[in-house]
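Colleague: Numbering (the working numbering), first residue to last: 122 to 664.
Glycine residues also receive a C-beta, built at the ideal position from the N, C-alpha and C atoms.
A quick note: this is a predicted structure, and the numbers were derived from the prediction, not measured.
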Ligand SMILES: [Zn+2]
């Protein structure tokens, strides 16, 4: 083995078999033409590999080299027998799989004989080393079970699932990927991503983890600074240049003087926060100038992107998100109704409680919500269906498929069209209806777009705010659309994500779906007269 560092080649081989980073460094591996793998400037990578725990989550900023490092660990595990079964490497889309393979992985395989000699198969979707394979998939539902390599992924037993950019993935696929580990002794799961929203995706995983921070010890005062957590106090100008500084004494600090310190050492999921300021490639001057410009322009979205992509901090700012004023401006003076002759439509979101929205169509594209609220039981919903002349309804198929199916069965023969709704990320805009099964499927992102624009354009009327459940307006603000760009591939993808309790948002969405079967309602005077016009009616409804 060629090494040129004066160490006996058996020692090199022995050390290389134990640790993937020793293997890459002692083997002098190139990660791209002219650039050898090195830990210079990235000492934090050392402890991110060969972790003892089953599940590892890494919340990261840009250019911190997690993907390359984890790929090397993966290949090493295949070659040296750490894995007995295969590895599943998930990216958000198939296009990203192809780009990542071409830009990051193939050069490593081509440039290094120490890896290439074990390589048996090499396509963008499959790389095999000594009989163990790494399968690469775009985490979108239609790719599973019928990839380009015509391999049924459901049947591939895996020891490790990697989710690269987990925040951009279909949540159902994340769940499904766990099933591949069923027959594994190791059951390893590694998830890493640039965060998007607080409490979502990688940030949610991180919250439940050991939360390791890279604490840098100041060589002057011995105080510890974590660049990401202590930002912006952790950077400052010394001799006209932006530098990483100690938050206590303001002297320059060096990333190499850091160590991982867990906030919750007893937890089983190991979490690491690798912020972009730790990267040797970080240009602090440029970053700070960019941040300053955003703040001068009051560009909240740009600032939020900075927090996410540079610091690896989840941020609440979204490009499309309703605010409470949007909802209040759709509210009328009239309080919510206590009954209606019909026909009306109903949307139901199933959670611990049942949230509903009942309304009518007032013209081709405009809607009126008659009432909204929550019930403990399906019996309560049946009463409402009767009282409001509900003729079509759509209910959340998940989380409890049996409960929603039983409920629809109880409606049969009552003249109500009822459907369970499944969300999909990828299907085209037409809603798929399965009359026999009483099931519809719709594109989640597109229908979230519709709810958003309907409220923004005031094409929907809500009852007087005081007569609505107090959390109705706020719950409509808890679903937000963001466009996240993958740093390596440049692919942008819009996505609606949940920020908090958003039951009424989805109940409203289901109401719109159910409303597709409604004709325009003629609200005659007789009917209006029979409606209690006082806010007291809400107590009647709630019983
Ligand atoms: Zn100090």
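#1: Return the first residue and the last residue of the beta strand (DSSP E) that residue 502 is part of.
#2: Can you tell me the Cα-Cα spacing of residue 285 and residue 187, whole angstroms?
#3: For residue 628 and residue 476, which I take to be in contact (beta-carbon distance under 8 Å), what is that distance rounded to the nearest angstrom?
#4: So is residue 485 buried or exposed if we call it buried at 16+ other beta carbons inside 10 Å?
#5: Specify whether the segment 481–501 and the segment 574–591 touch according to this definition: at least 3 beta carbon pairs, one from each stretch, less than 8 Å apart.
#6: With a cut-off of 8 Å on the beta carbons, I'd call residue 412 and residue 427 a contact; round off their distance for me.
#7: Using DSSP bridges, identify the partner residues of residue 311.
#8: Return the chain-ordered ranges of every alpha helix (DSSP H) run that is complete within the segment 130–210 and spans a minimum of 4 residues.
#9: Residue 391 and residue 330: beta carbons closer than 8 Å?
#10: Do the CB positions of residue 344 and residue 369 come within less than 8 Å of each other?
#11: So, is residue 207 buried or exposed, given that buried needs 16 or more other C-beta atoms within 10 angstroms?
#12: Can you tell me which of 561, 566, 625 and 616 puts its alpha carbon nearest to the alpha carbon of residue 591?
#13: Kindly provide the chain-ordered list of residues whose Cβ lies closer than 6 Å to any non-hydrogen atom of ligand 1.
#14: With DSSP run on the structure shown, which of helix, strand or coil describes residue 518?
#15: Using C-beta distances below 7 Å, list every residue in its chain close to residue 317, excluding the 5 sequence neighbours before and after it, in chain order.
#16: By DSSP's criteria, residue 359 is part of a beta bridge. Which residues make up the other side?
#17: Assess, as a yes-or-no matter, whether the segment 138–151 is touched by the segment 393–407 under the definition of 3 or more beta carbon pairs within less than 8 Å.
#18: Return the bridge partner residues of residue 492 from the DSSP annotation.
#19: Give the DSSP-derived three-state secondary structure of residue 319 in the structure shown.
#20: Nearest CA to the CA of residue 447: which residue from 598, 388 and 145?
#21: Might you give, ordered along the chain, the residues of its own chain that have their beta carbon closer than 7 Å to the beta carbon of residue 189, omitting 5 neighbours on each side?
#22: Excluding the 5 residues preceding and the 5 following residue 132 in the sequence, name in chain order all residues of the same chain whose CB lies nearer than 7 Å to its CB.
#23: Classify residue 141: buried if its beta carbon has 16 or more other beta carbons within 10 angstroms, exposed otherwise.
#24: Name the DSSP bridge partner or partners of residue 469?
#25: What separation, rounded to the nearest whole angstrom, lies between the Cα atoms of residue 200 and residue 238?
#26: Excluding the 5 residues preceding and the 5 following residue 129 in the sequence, name in chain order all residues of the same chain whose CB lies nearer than 6 Å to its CB.
#27: First and last residue of the alpha helix (DSSP H) that includes residue 568?
#28: Going by DSSP, what residue range makes up the beta strand (DSSP E) through residue 383?
#29: Kindly confirm or deny that the segment 375–388 and the segment 156–170 touch, where touching means at least three C-beta pairs closer than 8 Å.
#30: Per DSSP, what are the beta-bridge partners of residue 555 in this structure?
#31: What is the DSSP secondary structure of residue 619, reduced to helix, strand or coil?
#32: With a 10 Å radius around its C-beta and 16 neighbouring C-beta atoms as the bar for buried, classify residue 197 as buried or exposed.
#33: Does the distance from the C-beta atom of residue 465 to that of residue 480 stay below 8 Å?
#34: Using a Cβ distance threshold of 8 Å, determine whether the segment 208–218 contacts the segment 240–259, with at least three qualifying pairs required.
#35: Which partner residues of residue 394 appear in the DSSP bridge assignment?
Modeller: The answer reads as follows:
#1: No beta strand (DSSP E) contains residue 502, which is instead part of the alpha helix (DSSP H) from 499–508.
#2: 10 Å
#3: Right, the Cβ-Cβ distance comes to about 5 Å (below 8 Å), so this counts as a contact.
#4: exposed
#5: yes
#6: 5 Å
#7: 177 and 283
#8: 130–139, 141–147 and 187–200
#9: yes
#10: yes
#11: Taking a 10 Å sphere around the C-beta of residue 207, we find 16 or more other C-beta atoms and assign the residue as buried.
#12: Nearest Cα to residue 591 within the set 561, 566, 625 and 616: 625.
#13: 339, 341, 342, 344, 367, 369, 370 and 372
#14: coil
#15: 288, 429, 435, 603, 605 and 618
#16: 362
#17: No: fewer than three Cβ pairs fall under 8 Å.
#18: 479
#19: coil
#20: With distances taken between Cα atoms, residue 447 lies closest to 598.
#21: Cβ within range, chain order: 152 and 225.
#22: none
#23: buried
#24: 477 and 516
#25: Their Cα atoms are separated by approximately 10 Å.
#26: none
#27: 565–577
#28: 379–383
#29: Verdict: yes, contact present.
#30: 560, per the DSSP bridge assignment.
#31: The answer is strand: DSSP assigns residue 619 an E or B state.
#32: buried
#33: yes
#34: Judged by Cβ distances under 8 Å, the segment 208–218 makes contact with the segment 240–259, as three or more pairs qualify.
#35: DSSP lists 180 as partners of residue 394.
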